[in-house]
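First the structure, in the form of structure tokens, and then the observations on it.
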């Protein structure tokens, strides 16, 4: 069964460092997302991406964040200068069409020290 | 504004007991979708069910069943004859046109099934 894959599964980084989280969405999906879950809290929307551009972003997704689909398969989330409060599980997700079922990857756990 | 409320923070049951998880939602749209996801201790989000707003039929899948009631804006989830492997956090989520169908999650209910 096709699935969303994410790397790395866990990354520890120092405050101020840049981090890139990578995702390979399901191959025939057109809509891509990043969500975040701070430990013990609910899952929060960060950004959606369609047709090679951001379609929507939340207040969390400030100038420190960026997304890119550099080739036909990868979808990346970059945090330019990490802060302690960026420590969270980051989920990549994809969807065949808007309003359909969103499938999540296994998450990338980011720890900023 | 859309909103999903899962009033139960934690539920603890003994194996083989039934457990029902409540979910109440708010939306202005007539077309919307409701979801349940399971998050086991390993951390991934596992899709369980998607239901559109025009389909109020209850659904059963093995030991899982869902009760969708538009009149009370609820989409409750029951696990019958619970097992230890059902221990997880369960999230209810809503997507609607007003929010470009992005998912809005409830706070989650932690289910612990004791042997």
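Chains as they are written, first to last, in my numbering: chain A, 1 to 113; chain B, 114 to 228. By construction, the Cβ of each residue, glycine as well, lies at the ideal position given by its N, Cα and C atoms. Values in this document were obtained by computation on a predicted structure and should not be read as measured data.
Residue environment, residue 181 of chain B, which counts as buried when at least 16 other CB atoms sit within 10 Å: With 16 or more Cβ atoms within 10 Å of its Cβ, residue 181 of chain B is classed as buried.
N-terminal and C-terminal residue of the beta strand (DSSP E) that residue 162 of chain B is part of: 159-165 is the span of the beta strand (DSSP E), which, as asked, contains residue 162 of chain B.
Residue 26 of chain A at chain B interface by Cβ criterion, 8 Å: No - not a single Cβ of chain B is within 8 Å of the one on residue 26 of chain A.
Test: residue 98 of chain A CB closer than 8 Å to a CB of chain B: Residue-level contact by beta carbon holds for residue 98 of chain A and chain B, with a gap shorter than 8 Å.
Three-state class that DSSP yields for residue 199 of chain B in the structure shown: Helix.
Every unbroken beta strand (DSSP E) inside the segment 73-111 of chain A [3 residues or more]: The qualifying runs are 75-79 and 88-95.
Per-residue burial, residue 89 of chain A [other beta carbons within 10 Å of its own, 16 or more giving buried]: For residue 89 of chain A, the number of other beta carbons within 10 angstroms of its own is at least 16, and it is reported as buried.
Beta-carbon contacts of residue 225 of chain B that lie in its chain and below 6 Å, excluding the five residues immediately before and after: Closer than 6 Å at Cβ, skipping near neighbours: 125 and 200.
Alpha-carbon to alpha-carbon, residue 211 of chain B and residue 73 of chain A: Annotation: residue 73 of chain A to residue 211 of chain B spans about 29 Å, alpha carbon to alpha carbon.
Burial state of residue 25 of chain A, where buried means 16 or more other Cβ atoms lie within 10 Å: When all chains shown are included, residue 25 of chain A counts as buried.
Buried versus exposed call for residue 176 of chain B [16 or more other C-beta atoms within 10 Å across all chains shown]: Residue burial is scored here from C-beta neighbours: residue 176 of chain B has fewer than 16 other C-beta atoms within 10 angstroms and is therefore classed as exposed.
Chain A residues whose Cβ lies nearer than 7 Å to that of residue 214 of chain B: Residues of chain A whose Cβ lies closer than 7 Å to the Cβ of residue 214 of chain B are, in chain order, 98 and 99.
Contact between the segment 12-24 of chain A and the segment 182-202 of chain B (3+ Cβ pairs under 8 Å): They do not touch, by the three-pair rule.
Nearest-angstrom Cβ-Cβ length linking residue 82 of chain A and residue 13 of chain A, presumed shorter than 8 Å: Rounded, the Cβ-Cβ distance is 6 Å, consistent with contact.
Min CB distance residue 221 of chain B to chain A below 8 Å: Yes, residue 221 of chain B lies at the interface with chain A (some Cβ there is under 8 Å from its Cβ).
Bridge-paired residues (DSSP) for residue 33 of chain A: DSSP lists A/48 and A/93 as the beta-bridge partner residues of residue 33 of chain A.
Where residue 116 of chain B falls, given that 16 or more other Cβ within 10 Å makes a residue buried: Exposed, because fewer than 16 other Cβ atoms sit within 10 Å of the Cβ of residue 116 of chain B.
Per-residue contacts from residue 167 of chain B into chain A (C-beta, under 8 Å): Within chain A, no residue comes near residue 167 of chain B; the closest Cβ sits about 12 Å away, beyond 8 Å.
Classification of residue 93 of chain A by the beta-carbon crowding that lies within 10 angstroms, buried from 16 upward: Residue burial annotation: residue 93 of chain A is buried, with at least 16 other C-beta atoms found within 10 angstroms of its C-beta.
Boundaries of the beta strand (DSSP E) in which residue 177 of chain B is found, first to last residue: Per DSSP, residue 177 of chain B belongs to the beta strand (DSSP E) from 177-182.
Those residues which DSSP pairs with residue 227 of chain B across a bridge: Note: residue 227 of chain B sits in a beta bridge opposite B/127.
DSSP three-state assignment for residue 171 of chain B, whether helix, strand or coil: Residue 171 of chain B: coil per DSSP, three-state reduction.
Min CB distance residue 163 of chain B to chain A below 8 Å: With a threshold of 8 Å between beta carbons, residue 163 of chain B makes contact with chain A.
Residue nearest to residue 2 of chain A in terms of C-alpha spacing, selected from A/57, A/108, A/109 and A/104: Nearest C-alpha to residue 2 of chain A: A/104.
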